[in-house]
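Okay, structure first, notes after.
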Amino acid sequence: MNTVILNEPGNLSLVDAPEPLSPGVGEALVRVHRIGFCGTDYHAFHGRQPFFSYPRILGHELGLEVLAVGGDVTNLAVGDKCSLEPYVHCGTCRPCRKGSTNCCANIKVIGVHADGGMRERFVVSAAKLHPSKTLSYDALALVETLAIGAHAIDRAAVQKGETVVVIGAGPIGLSTIQFALLRGARVIVIDRAASRLEACSRLYPAIVALDPQKPFPEQLRELTGGDQADAVVDATGNLASMGASLEYVGSTGRLVYVGLAQGEVTFNDPLFHRREMTLLASRNALPRNFTEIIADLEQGNIDPLAWITHRCTLAEIPEKLPVWSEPAAGVIKALASV
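Residue numbers for the sequence shown follow the working numbering, so the first one is 5 and each next one is one higher.
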(Lines of atoms letter the chains of each structure in order from A and count residues from 1; the text may use other names and numbers.)
(Lines give C-alpha, C1' and ligand atoms only; values in the text may rest on other atoms or scores of the structure.)
Protein backbone atom coordinates (compact mmCIF):
# COMPACT_ATOMS: atom_id res chain seq x y z
CA MET A 1 0.00 0.00 0.00
CA ASN A 2 1.49 3.34 -1.07
CA THR A 3 2.30 5.50 1.96
CA VAL A 4 4.22 8.75 2.37
CA ILE A 5 6.29 8.98 5.56
CA LEU A 6 8.04 12.02 7.01
CA ASN A 7 11.10 10.26 8.44
CA GLU A 8 12.68 13.38 9.89
CA PRO A 9 12.69 17.09 9.06
CA GLY A 10 13.31 17.52 5.34
CA ASN A 11 13.02 13.79 4.55
CA LEU A 12 9.81 12.51 2.95
CA SER A 13 9.66 9.10 1.30
CA LEU A 14 7.13 6.97 -0.58
CA VAL A 15 7.06 3.41 0.79
CA ASP A 16 5.05 0.22 0.37
CA ALA A 17 3.42 -0.25 3.80
CA PRO A 18 1.30 -3.18 5.08
CA GLU A 19 -2.45 -3.08 4.58
CA PRO A 20 -4.48 -2.01 7.63
CA LEU A 21 -6.28 -4.55 9.80
CA SER A 22 -10.04 -5.05 9.63
CA PRO A 23 -12.01 -2.44 11.58
CA GLY A 24 -12.87 -3.32 15.17
CA VAL A 25 -15.84 -2.30 17.28
CA GLY A 26 -16.65 1.36 16.69
CA GLU A 27 -14.15 1.65 13.82
CA ALA A 28 -14.26 2.08 10.05
CA LEU A 29 -11.86 1.19 7.27
CA VAL A 30 -11.59 4.15 4.91
CA ARG A 31 -10.08 4.78 1.51
CA VAL A 32 -8.33 8.12 1.12
CA HIS A 33 -9.36 10.08 -1.99
CA ARG A 34 -8.10 13.61 -1.21
CA ILE A 35 -5.45 15.01 1.12
CA GLY A 36 -5.22 18.71 1.89
CA PHE A 37 -1.80 20.17 2.66
CA CYS A 38 -1.91 22.14 5.91
CA GLY A 39 0.48 24.62 7.50
CA THR A 40 1.07 21.92 10.12
CA ASP A 41 2.43 19.63 7.41
CA TYR A 42 4.78 22.30 6.12
CA HIS A 43 5.97 23.18 9.64
CA ALA A 44 6.56 19.49 10.43
CA PHE A 45 8.57 19.08 7.22
CA HIS A 46 10.80 21.99 8.23
CA GLY A 47 11.09 20.81 11.85
CA ARG A 48 9.12 23.75 13.28
CA GLN A 49 5.93 22.05 14.47
CA PRO A 50 5.35 22.00 18.26
CA PHE A 51 4.23 18.74 19.93
CA PHE A 52 5.53 16.64 17.02
CA SER A 53 7.61 13.46 16.77
CA TYR A 54 9.18 11.56 13.85
CA PRO A 55 8.70 9.40 11.87
CA ARG A 56 5.11 10.32 11.05
CA ILE A 57 2.52 9.80 8.32
CA LEU A 58 1.13 13.31 7.77
CA GLY A 59 -2.32 14.24 6.56
CA HIS A 60 -5.40 15.31 8.52
CA GLU A 61 -7.42 17.26 5.95
CA LEU A 62 -9.10 14.36 4.21
CA GLY A 63 -11.86 13.37 1.82
CA LEU A 64 -12.62 9.71 2.58
CA GLU A 65 -14.76 6.77 1.43
CA VAL A 66 -16.00 4.15 3.90
CA LEU A 67 -14.93 0.66 2.78
CA ALA A 68 -16.03 -1.36 5.84
CA VAL A 69 -17.37 -0.82 9.35
CA GLY A 70 -16.90 -2.75 12.58
CA GLY A 71 -19.44 -3.65 15.20
CA ASP A 72 -21.69 -1.05 16.85
CA VAL A 73 -21.19 1.50 14.06
CA THR A 74 -24.51 3.21 13.35
CA ASN A 75 -23.53 6.62 11.93
CA LEU A 76 -21.97 5.28 8.71
CA ALA A 77 -22.57 2.88 5.83
CA VAL A 78 -20.21 1.36 3.30
CA GLY A 79 -19.79 3.79 0.41
CA ASP A 80 -20.33 6.95 2.44
CA LYS A 81 -18.18 9.95 1.58
CA CYS A 82 -16.80 11.60 4.73
CA SER A 83 -14.66 14.32 6.20
CA LEU A 84 -12.37 13.49 9.10
CA GLU A 85 -12.47 15.20 12.49
CA PRO A 86 -8.84 14.41 13.37
CA TYR A 87 -8.86 15.25 17.09
CA VAL A 88 -8.91 12.07 19.18
CA HIS A 89 -9.89 12.89 22.76
CA CYS A 90 -9.88 10.79 25.94
CA GLY A 91 -13.35 11.70 27.22
CA THR A 92 -12.31 11.72 30.90
CA CYS A 93 -10.03 14.73 31.49
CA ARG A 94 -11.34 18.09 32.72
CA PRO A 95 -11.61 19.71 29.25
CA CYS A 96 -13.47 16.67 27.91
CA ARG A 97 -15.84 16.65 30.88
CA LYS A 98 -16.57 20.32 30.16
CA GLY A 99 -17.26 19.59 26.47
CA SER A 100 -13.99 21.16 25.26
CA THR A 101 -12.79 18.03 23.48
CA ASN A 102 -10.72 20.22 21.13
CA CYS A 103 -8.22 20.83 23.95
CA CYS A 104 -8.30 17.42 25.63
CA ALA A 105 -5.37 17.01 28.03
CA ASN A 106 -4.48 13.75 26.26
CA ILE A 107 -5.36 14.76 22.72
CA LYS A 108 -3.87 12.92 19.77
CA VAL A 109 -4.35 14.70 16.46
CA ILE A 110 -4.33 12.31 13.52
CA GLY A 111 -1.47 13.28 11.22
CA VAL A 112 0.37 15.07 14.06
CA HIS A 113 0.53 12.90 17.19
CA ALA A 114 -0.72 9.76 15.42
CA ASP A 115 -0.30 8.59 11.83
CA GLY A 116 -2.53 10.32 9.31
CA GLY A 117 -3.93 10.01 5.83
CA MET A 118 -1.00 10.23 3.39
CA ARG A 119 -1.68 6.63 2.43
CA GLU A 120 -4.27 4.68 0.50
CA ARG A 121 -6.28 3.17 3.38
CA PHE A 122 -6.41 3.21 7.17
CA VAL A 123 -8.68 2.43 10.13
CA VAL A 124 -10.18 5.21 12.21
CA SER A 125 -12.86 5.68 14.88
CA ALA A 126 -16.23 5.90 13.15
CA ALA A 127 -17.25 8.68 15.53
CA LYS A 128 -14.63 10.91 13.91
CA LEU A 129 -16.15 10.61 10.43
CA HIS A 130 -18.70 13.14 9.21
CA PRO A 131 -20.59 11.94 6.12
CA SER A 132 -22.23 13.86 3.29
CA LYS A 133 -24.45 12.51 0.54
CA THR A 134 -23.74 15.33 -1.90
CA LEU A 135 -20.29 16.86 -1.35
CA SER A 136 -17.24 16.08 -3.46
CA TYR A 137 -14.04 14.66 -1.99
CA ASP A 138 -12.40 18.04 -2.69
CA ALA A 139 -14.96 19.83 -0.51
CA LEU A 140 -14.77 17.22 2.24
CA ALA A 141 -10.98 17.63 2.41
CA LEU A 142 -11.47 21.35 3.12
CA VAL A 143 -13.90 20.93 6.02
CA GLU A 144 -11.22 20.69 8.72
CA THR A 145 -9.55 23.92 7.59
CA LEU A 146 -12.93 25.63 7.62
CA ALA A 147 -13.60 24.26 11.10
CA ILE A 148 -10.49 25.98 12.47
CA GLY A 149 -11.77 29.35 11.24
CA ALA A 150 -15.32 28.70 12.43
CA HIS A 151 -14.09 27.88 15.94
CA ALA A 152 -11.91 31.01 16.00
CA ILE A 153 -14.92 33.18 15.13
CA ASP A 154 -16.92 31.40 17.84
CA ARG A 155 -14.15 32.19 20.32
CA ALA A 156 -14.21 35.84 19.21
CA ALA A 157 -18.00 35.92 19.75
CA VAL A 158 -18.41 37.98 16.57
CA GLN A 159 -21.75 39.75 16.19
CA LYS A 160 -23.48 41.23 13.15
CA GLY A 161 -22.21 44.70 12.29
CA GLU A 162 -18.94 44.41 14.20
CA THR A 163 -15.55 45.19 12.68
CA VAL A 164 -13.28 42.15 12.52
CA VAL A 165 -9.60 42.34 11.58
CA VAL A 166 -8.05 39.11 10.28
CA ILE A 167 -4.25 39.05 10.23
CA GLY A 168 -2.85 36.53 7.74
CA ALA A 169 -4.51 35.65 4.43
CA GLY A 170 -3.49 31.98 4.26
CA PRO A 171 -6.02 29.12 4.43
CA ILE A 172 -6.77 29.59 8.14
CA GLY A 173 -7.17 33.31 7.59
CA LEU A 174 -9.49 32.62 4.65
CA SER A 175 -11.62 30.28 6.72
CA THR A 176 -11.80 32.90 9.48
CA ILE A 177 -12.82 35.54 6.95
CA GLN A 178 -15.51 33.22 5.58
CA PHE A 179 -17.24 32.80 8.94
CA ALA A 180 -16.83 36.43 9.99
CA LEU A 181 -18.66 37.39 6.79
CA LEU A 182 -21.37 34.82 7.52
CA ARG A 183 -21.90 36.50 10.89
CA GLY A 184 -22.51 39.80 9.08
CA ALA A 185 -19.27 41.44 10.20
CA ARG A 186 -17.23 44.07 8.41
CA VAL A 187 -13.94 42.32 7.65
CA ILE A 188 -10.56 44.01 7.24
CA VAL A 189 -7.58 41.88 6.25
CA ILE A 190 -3.90 42.45 6.97
CA ASP A 191 -1.05 40.58 5.26
CA ARG A 192 2.46 41.51 4.16
CA ALA A 193 2.17 39.60 0.87
CA ALA A 194 0.42 41.59 -1.85
CA SER A 195 -0.25 38.40 -3.83
CA ARG A 196 -2.19 36.86 -0.93
CA LEU A 197 -4.21 40.03 -0.45
CA GLU A 198 -5.07 40.09 -4.14
CA ALA A 199 -6.21 36.47 -4.01
CA CYS A 200 -8.18 37.14 -0.83
CA SER A 201 -9.94 40.15 -2.38
CA ARG A 202 -10.76 38.10 -5.46
CA LEU A 203 -12.26 35.31 -3.37
CA TYR A 204 -14.10 37.62 -0.96
CA PRO A 205 -14.85 40.99 -2.64
CA ALA A 206 -16.67 42.24 0.50
CA ILE A 207 -13.44 42.49 2.52
CA VAL A 208 -11.20 45.52 2.86
CA ALA A 209 -7.50 44.70 2.38
CA LEU A 210 -5.02 47.11 3.94
CA ASP A 211 -2.12 48.32 1.83
CA PRO A 212 1.05 46.44 2.88
CA GLN A 213 3.15 49.41 1.79
CA LYS A 214 1.60 51.73 4.39
CA PRO A 215 1.47 51.54 8.21
CA PHE A 216 -1.38 49.24 9.19
CA PRO A 217 -2.44 51.00 12.44
CA GLU A 218 -2.90 54.33 10.68
CA GLN A 219 -4.99 52.76 7.92
CA LEU A 220 -7.19 50.97 10.44
CA ARG A 221 -7.77 54.12 12.50
CA GLU A 222 -8.81 55.96 9.35
CA LEU A 223 -11.21 53.20 8.27
CA THR A 224 -12.83 52.94 11.70
CA GLY A 225 -12.89 56.59 12.72
CA GLY A 226 -10.38 55.78 15.44
CA ASP A 227 -12.49 52.99 16.97
CA GLN A 228 -10.22 50.14 15.83
CA ALA A 229 -11.64 46.59 15.74
CA ASP A 230 -14.25 44.85 17.86
CA ALA A 231 -12.40 41.58 17.29
CA VAL A 232 -8.97 40.69 15.90
CA VAL A 233 -7.97 37.19 14.83
CA ASP A 234 -4.26 36.57 14.29
CA ALA A 235 -3.82 33.61 11.95
CA THR A 236 -0.14 34.10 11.21
CA GLY A 237 1.60 31.91 13.77
CA ASN A 238 4.27 34.64 13.79
CA LEU A 239 5.45 35.85 17.20
CA ALA A 240 6.12 39.42 16.08
CA SER A 241 2.72 39.69 14.43
CA MET A 242 0.98 38.21 17.46
CA GLY A 243 2.63 40.74 19.78
CA ALA A 244 1.81 43.66 17.49
CA SER A 245 -1.81 42.59 16.95
CA LEU A 246 -2.95 44.35 20.15
CA GLU A 247 -2.55 47.65 18.31
CA TYR A 248 -5.62 46.86 16.21
CA VAL A 249 -7.97 46.00 19.08
CA GLY A 250 -10.41 48.71 20.13
CA SER A 251 -11.51 49.40 23.69
CA THR A 252 -13.21 46.33 25.28
CA GLY A 253 -12.36 44.36 22.12
CA ARG A 254 -11.31 40.73 21.77
CA LEU A 255 -8.06 39.32 20.40
CA VAL A 256 -7.91 35.67 19.34
CA TYR A 257 -4.69 33.80 18.57
CA VAL A 258 -5.55 30.98 16.18
CA GLY A 259 -2.04 30.72 14.71
CA LEU A 260 0.39 28.64 16.79
CA ALA A 261 4.06 29.51 17.20
CA GLN A 262 6.95 28.21 19.27
CA GLY A 263 8.25 30.75 21.76
CA GLU A 264 6.93 33.60 23.88
CA VAL A 265 4.52 36.33 22.80
CA THR A 266 5.26 39.75 24.30
CA PHE A 267 3.10 42.85 24.20
CA ASN A 268 2.63 46.26 25.81
CA ASP A 269 0.74 45.75 29.07
CA PRO A 270 -0.43 49.39 29.50
CA LEU A 271 -2.07 49.20 26.05
CA PHE A 272 -3.71 45.88 26.98
CA HIS A 273 -5.07 47.30 30.26
CA ARG A 274 -6.03 50.74 28.97
CA ARG A 275 -8.35 49.24 26.37
CA GLU A 276 -9.54 46.44 28.71
CA MET A 277 -9.00 43.80 26.04
CA THR A 278 -9.91 40.14 26.21
CA LEU A 279 -7.17 37.77 25.00
CA LEU A 280 -8.22 34.31 23.80
CA ALA A 281 -6.65 31.25 22.25
CA SER A 282 -8.41 29.12 19.64
CA ARG A 283 -7.30 25.50 19.35
CA ASN A 284 -8.56 22.96 16.82
CA ALA A 285 -12.38 22.77 16.51
CA LEU A 286 -15.43 21.06 17.99
CA PRO A 287 -17.59 18.27 16.50
CA ARG A 288 -20.48 20.66 15.91
CA ASN A 289 -18.23 22.81 13.71
CA PHE A 290 -17.89 19.88 11.32
CA THR A 291 -21.61 19.12 11.12
CA GLU A 292 -22.50 22.80 10.71
CA ILE A 293 -19.88 23.35 7.99
CA ILE A 294 -20.99 20.29 6.01
CA ALA A 295 -24.56 21.62 6.17
CA ASP A 296 -23.37 25.07 5.00
CA LEU A 297 -21.46 23.49 2.11
CA GLU A 298 -24.42 21.33 1.10
CA GLN A 299 -26.74 24.36 1.15
CA GLY A 300 -24.31 26.48 -0.88
CA ASN A 301 -23.77 29.03 1.89
CA ILE A 302 -20.00 28.67 1.48
CA ASP A 303 -17.85 27.47 -1.41
CA PRO A 304 -14.11 27.15 -0.71
CA LEU A 305 -13.21 25.18 -3.85
CA ALA A 306 -11.69 28.29 -5.44
CA TRP A 307 -9.01 28.13 -2.73
CA ILE A 308 -7.45 25.12 -4.48
CA THR A 309 -4.46 26.32 -6.50
CA HIS A 310 -2.16 23.27 -6.67
CA ARG A 311 -2.74 19.53 -7.17
CA CYS A 312 -0.65 16.37 -7.23
CA THR A 313 -0.90 12.63 -6.66
CA LEU A 314 0.01 10.72 -3.51
CA ALA A 315 3.21 9.48 -5.16
CA GLU A 316 4.24 13.06 -6.01
CA ILE A 317 3.97 14.37 -2.42
CA PRO A 318 7.67 13.84 -1.52
CA GLU A 319 8.59 15.98 -4.52
CA LYS A 320 5.84 18.61 -4.34
CA LEU A 321 5.36 19.32 -0.63
CA PRO A 322 8.86 20.77 -0.06
CA VAL A 323 8.46 23.12 -3.03
CA TRP A 324 4.92 24.14 -2.15
CA SER A 325 5.90 24.90 1.44
CA GLU A 326 7.83 27.95 0.25
CA PRO A 327 6.01 31.31 -0.11
CA ALA A 328 7.38 31.75 -3.63
CA ALA A 329 5.23 28.82 -4.82
CA GLY A 330 2.09 30.94 -4.41
CA VAL A 331 0.06 28.12 -2.87
CA ILE A 332 -3.26 28.97 -1.30
CA LYS A 333 -4.43 25.38 -0.87
CA ALA A 334 -2.88 22.23 -2.32
CA LEU A 335 -4.65 18.87 -2.62
CA ALA A 336 -3.29 15.41 -3.39
CA SER A 337 -5.46 12.79 -5.12
CA VAL A 338 -5.04 9.16 -4.13
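Ideal placement from N, C-alpha and C gives every residue a C-beta, glycine not left out.
Residue range of the beta strand (DSSP E) that includes residue i
| i | result |
| --- | --- |
| residue 285 | 282 to 285 |
| residue 32 | 31 to 40 |
| residue 190 | 190 to 194 |
| residue 261 | 253 to 261 |
| residue 73 | 65 to 73 |
| residue 337 | 337 to 341 |
| residue 20 | 15 to 20 |
| residue 10 | 6 to 12 |
| residue 234 | 233 to 238 |
Whole-angstrom C-beta distance between residue j and residue i, which should lie under 8 Å
| i | j | result |
| --- | --- | --- |
| residue 336 | residue 175 | 7 Å |
| residue 239 | residue 170 | 6 Å |
| residue 243 | residue 269 | 6 Å |
| residue 24 | residue 127 | 5 Å |
| residue 247 | residue 271 | 5 Å |
Coarse secondary structure for residue i, derived from DSSP in three states
| i | result |
| --- | --- |
| residue 298 | helix |
| residue 216 | coil |
| residue 314 | strand |
| residue 60 | strand |
| residue 88 | strand |
| residue 76 | coil |
| residue 270 | coil |
| residue 228 | helix |
C-alpha gap between residue i and residue j, whole angstroms
| i | j | result |
| --- | --- | --- |
| residue 1 | residue 53 | Residue 1 lies beyond the stretch modelled for the chain, which goes from 5 to 342, so this question has no answer here. |
| residue 351 | residue 167 | In the structure as shown, the chain begins at 5 and stops at 342. Residue 351 is therefore absent and cannot be evaluated. |
| residue 142 | residue 206 | 20 Å |
| residue 284 | residue 15 | 35 Å |
| residue 10 | residue 60 | 5 Å |
| residue 28 | residue 145 | 25 Å |
| residue 149 | residue 218 | 30 Å |
| residue 190 | residue 313 | 26 Å |
| residue 186 | residue 67 | 24 Å |
Terminal residues of the alpha helix (DSSP H) in which residue i lies
| i | result |
| --- | --- |
| residue 324 | 321 to 328 |
| residue 180 | 175 to 186 |
| residue 44 | 43 to 49 |
Residue ranges of each beta strand (DSSP E) within the stretch 105 to 163, 3 or longer: 125 to 129 and 133 to 136
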